[in-house]
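Engineer: Using the working numbering, you'd call the opening residue of the sequence shown number 357 and step up by one each time.
Cβ coordinates follow ideal geometry from the N, Cα and C atoms, glycine included.
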Amino acid sequence: MRKTMLGLVSQFTPSLFLDFTKGVVPSAVTCSRNSIATRINGSGVMETVAANVPRIDYDPVTMACRGLLIEESRTNYILNSITPGNWSVAGATVRTPNATTAPDGSLVPSFTNTAGQYSGVNMSKPAGFVLANSTSYTISTLYKCLAASNPANKRFFWEVNFGSTNNLGNAGFNIATLTTTKSAAITSATIEDWGGGWYRAVMTFTTDAAGTPAISGAYIAGYASSTDTCTLAFFGAQLEPGAFATSIIPTTTAAVTRGADICTLNAGAWLNQNAGTFLVETYHASAATVAGGARILAIGTGPSTMLHFGYNTPATNRTESYNGTAVTGVTGSRTTGTIKHGCAFDANGRSVTREGLAVGTDTNLVASYGAFSSFMLGNRGGGTGAINSHYRKLTYYPRRVPNSLMQALTT
């Protein structure tokens, strides 16, 4: 079987191969974004890049290149998000300046609770800011434990008032055990390793339709108070409307909006207008980041796609193709990590697969797509349809490869 497949592969030569995991953006791809943004560089340090600079992003723990980060626009409503020395404290909290080094190389303070007393850190928000009703929000922060009287208690809590009278919830994040606790009404609470003793706590919740929703600062060591003492450092706090956390958005004295990443591949001599096969490799740290219909490879800025994530079934475990008339697709098993997708087309129709699974086919003619002039990578253009994940590789063959080969190439 291996010899047969190798012989089959040798009959086909790609006319385009883009590999973002090499640490550079190929010249064939144009990227824009109307704001600064952050990424993890090859040394594992968080850094800010200028507007229109694409973000080749790395894993902060392994330093492996994750690919080109493509995200939708988001707004961070936490002020002084990467300068926590400007935050106020609540109750019996003790602040110590320049206590440890943050993921961007700056010095940040630590905050210590007083045993048996209410102790917290106020992650400040703009004056007059209120949470909207019937809206999903995600709050996140990096944090690190510098000392703890109880080695099993290296945690903090957030509290949410969902809006209705006495409708409260909370979530706790303990890096001693890498576990979280949450009230039933909290959508999710997770911890992500950022290396160097830093972890990102992420909590998602949805406000009530009525009332005045609000979110507290961070309670150190316990919910409101604790018999233990704990010294924590914070960095990169973020409160953003949306059902998942995105990359850190630095703020100072006002909320800041990060623009959407828009990445375009123009048609060229590499493209056969009448037949071809696209193979795309994406990386997803979380299944929550992909919305229904998120574009893997869009055709221009219109509704048609060569590849997109499931629309009627919004999830990273389904890959589809839409030619303006009909959808064909395949449902896989993986929702995180590296996922390989494929779409082949010619005058007889098209084939779609992912993860080396059985191919989904139809007989909708390629002419339904119209002429190809440009492709959008990981977005639809205009700031919509972002995969909110990493784009790793794109390969194009100027002919429709056999289904068996496309399965092998996406395994």
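Let me make sure I understand the geometry here. Which of T439, R422 and T468 has the alpha-carbon closest to that of A458?
Structural biologist: As a working mapping, residue 458 is identified with position 102 in the sequence shown. Of the listed residues, the one whose Cα sits closest to A458 is T439.
Engineer: Do I426 and A742 come within 8 Å of each other at the CB atom, strictly closer than that value?
Structural biologist: Within the sequence shown, the letter at position 386 stands for residue 742. Within the sequence shown, the letter at position 70 stands for residue 426. Against a cut-off of 8 Å, the Cβ pair of I426 and A742 comes out as a contact.
Engineer: CA-CA distance, V477 and A393?
Structural biologist: Residue mapping note: residue 477 aligns to position 121 of the sequence shown, counting from 1. Residue mapping note: residue 393 aligns to position 37 of the sequence shown, counting from 1. Whole-angstrom Cα-Cα distance: 26 Å.
Engineer: Going by Cα to Cα distance, which pick from E676, T645, A644 and V646 is closest to P659?
Structural biologist: Reading the sequence shown from its first residue, position 303 is the one you call residue 659. It is E676.
Engineer: Going by Cα to Cα distance, which pick from W550, T587 and R556 is closest to A593?
Structural biologist: Numbered from its first residue, the sequence shown carries residue 593 at position 237. Considering only alpha carbons, the answer is R556.
Engineer: In the DSSP assignment, find the unbroken alpha helix (DSSP H) run with Q763 in it and report its ends.
Structural biologist: Indexing the sequence shown from 1 puts residue 763 at position 407. Start and end: N759 to L765.
Engineer: Mark T380 as exposed unless 16 or more other C-beta atoms lie within 10 angstroms of its C-beta, in which case mark it buried.
Structural biologist: Here residue 380 refers to the residue found at position 24 when the sequence shown is read from its first residue. In the sequence as presented, Thr is not what sits at residue 380; that position holds Val. Classification for V380: exposed.
Engineer: Cutting at 6 Å between CB atoms, please list the residues of its own chain near P482, excluding the five before and the five after it.
Structural biologist: Position 126 of the sequence shown, counting from 1, holds the residue named residue 482. Hits under 6 Å: A611.
Engineer: Excluding five sequence neighbours on each side, which residues of the same chain lie with their C-beta closer than 6 Å to the C-beta of T470?
Structural biologist: The residue given as residue 470 occupies position 114 in the sequence shown. Same-chain partners within the cutoff: A448.
Engineer: Using a threshold of 8 Å, state whether the C-beta atoms of L635 and G698 are closer than that.
Structural biologist: Along the sequence shown, one-based indexing puts residue 635 at 279. Along the sequence shown, one-based indexing puts residue 698 at 342. The answer is yes: Cβ separation under 8 Å.
Engineer: Between the alpha carbons of T684 and M762, how many angstroms are there, rounded?
Structural biologist: On the sequence shown, position 328 is the one that residue 684 refers to. On the sequence shown, position 406 is the one that residue 762 refers to. Cα-Cα distance, rounded: 16 Å.
Engineer: In this structure, how does DSSP classify G363 when only helix, strand and coil are distinguished?
Structural biologist: Within the sequence shown, residue 363 is the residue found at index 7, counting from 1. Reliability of the predicted coordinates at G363 is poor, the pLDDT of 49 falling under 50, and the value obtained from them is presented with this limitation in mind. G363: helix per DSSP, three-state reduction.
Engineer: Return helix, strand or coil for P569, following the three-state DSSP convention.
Structural biologist: In the sequence shown, the residue the question calls residue 569 occupies position 213. Residue state, collapsed to three classes: coil.
Engineer: T378 by DSSP, collapsed to three states: which one?
Structural biologist: Position 22 of the sequence shown holds residue 378. The identity of residue 378 in the sequence shown is Lys, whereas the question assumes Thr. Helix.
Engineer: Could you give the C-beta distance for Y752 and W626, rounded to a whole number, given that I count them as a contact under 8 Å?
Structural biologist: In the sequence shown, the residue the question calls residue 752 occupies position 396. In the sequence shown, the residue the question calls residue 626 occupies position 270. That pair is a contact at about 6 Å.
Engineer: Taking a contact to mean a Cβ-Cβ separation below 8 Å, would you say L663 touches L733 in this structure?
Structural biologist: As a first step, residue 663 must be located in the sequence shown, where it is residue number 307. As a first step, residue 733 must be located in the sequence shown, where it is residue number 377. It is not a contact, given that the beta carbons lie outside the stated cut-off.
Engineer: Please confirm if the segment 404-416 is in contact with the segment 577-594, defined as three or more CB-CB distances below 8 Å between the two stretches.
Structural biologist: With the cut-off at 8 Å, the segment 404-416 and the segment 577-594 do not touch.
Engineer: Would you grab the beta carbon distance between S745 and Y575 for me? Rounded to a whole angstrom, and I think it's under 8 Å.
Structural biologist: What you label residue 745 is simply residue 389 of the sequence shown in a count that begins at 1. What you label residue 575 is simply residue 219 of the sequence shown in a count that begins at 1. About 32 Å; that fails the 8 Å criterion.
Engineer: In the structure shown, what three-state DSSP assignment does N530 receive?
Structural biologist: Working through the sequence shown from its first residue, we reach residue 530 at position 174. Reduced to three states, the DSSP call for N530 is strand.
Engineer: Are T494 and M402 close, meaning C-beta to C-beta below 8 Å?
Structural biologist: To locate residue 494, count along the sequence shown from 1; it is residue 138. To locate residue 402, count along the sequence shown from 1; it is residue 46. Taking 8 Å as the Cβ cut-off, T494 and M402 do not qualify as a contacting pair.
Engineer: With DSSP as the reference, label P459 as helix, strand or coil.
Structural biologist: If you number the sequence shown from 1, residue 459 lands on position 103. Note: P459 maps to coil in three-state DSSP.
Engineer: If you follow the beta strand (DSSP E) that V612 is in, where does it begin and where does it stop?
Structural biologist: Position 256 of the sequence shown holds residue 612. From DSSP, the beta strand (DSSP E) with V612 extends over V612 to R614.
Engineer: Once the 5 residues before and after K749 are set aside, which same chain residues still bring their CB inside 6 Å of it?
Structural biologist: Looking up residue 749 in the sequence shown gives position 393. Correct list, in chain order: D375 and E637.
Engineer: Output the distance between the C-alpha atoms of G656 and E711, rounded to the nearest integer angstrom.
Structural biologist: Position 300 of the sequence shown, counted from the first residue, corresponds to residue 656. Position 355 of the sequence shown, counted from the first residue, corresponds to residue 711. Each residue's alpha carbon lies about 26 Å from the other.
Engineer: DSSP three-state call for R633: helix, strand or coil?
Structural biologist: Within the sequence shown, numbered from 1, the residue matching residue 633 stands at position 277. Reading off the sequence shown, one finds Thr at residue 633, where the question assumed Arg. T633 falls in the strand class under three-state DSSP.
Engineer: Return helix, strand or coil for T645, following the three-state DSSP convention.
Structural biologist: By one-based count along the sequence shown, residue 645 stands at place 289. If DSSP states are grouped into helix, strand and coil, T645 belongs with the helices.
Engineer: Using DSSP with H/G/I as helix, E/B as strand and the rest coil, what is A453?
Structural biologist: The residue labelled residue 453 in the question sits at position 97 within the sequence shown. Per the sequence presented here, residue 453 reads as Pro, with Ala not at that position. Three-state result, P453: strand.
Engineer: Below 7 Å CB to CB, which residues in the same chain sit around L534 once its five sequence neighbours on both sides are set aside?
Structural biologist: Start at 1 with the first residue of the sequence shown, and residue 534 comes out as number 178. I547.
Engineer: Looking at P465 and A589, is the spacing between their C-beta atoms short of 8 Å?
Structural biologist: Locating residue 589 in the sequence shown gives position 233, counting from the first residue. Locating residue 465 in the sequence shown gives position 109, counting from the first residue. Yes. Within cutoff.
Engineer: Taking the C-alpha atoms as reference points, what is the distance between T468 and G552?
Structural biologist: Taking the sequence shown and counting its residues from 1, the one referred to as residue 468 is at position 112. Taking the sequence shown and counting its residues from 1, the one referred to as residue 552 is at position 196. Rounded to whole angstroms, T468 to G552 spans 20 Å at the Cα level.
Engineer: Buried or exposed for V686, please, with buried defined as at least 16 other CB atoms from any protein chain shown within 10 angstroms of its CB.
Structural biologist: Taking the first residue of the sequence shown as 1, we reach residue 686 at position 330. When all chains shown are included, V686 counts as buried.
Engineer: For S603, count neighbouring Cβ atoms within 10 angstroms of its own Cβ and tell me buried if that reaches 16, exposed if not.
Structural biologist: Working through the sequence shown from its first residue, we reach residue 603 at position 247. Burial call: buried.
Engineer: Please state whether DSSP places N323 in a helix, a strand or coil.
Structural biologist: Nothing in the structure corresponds to residue 323, since the chain is present only between 357 and 767.
Engineer: For P606, count neighbouring Cβ atoms within 10 angstroms of its own Cβ and tell me buried if that reaches 16, exposed if not.
Structural biologist: Position 250 of the sequence shown, counting from 1, holds the residue named residue 606. Per the 10 Å Cβ criterion, buried.
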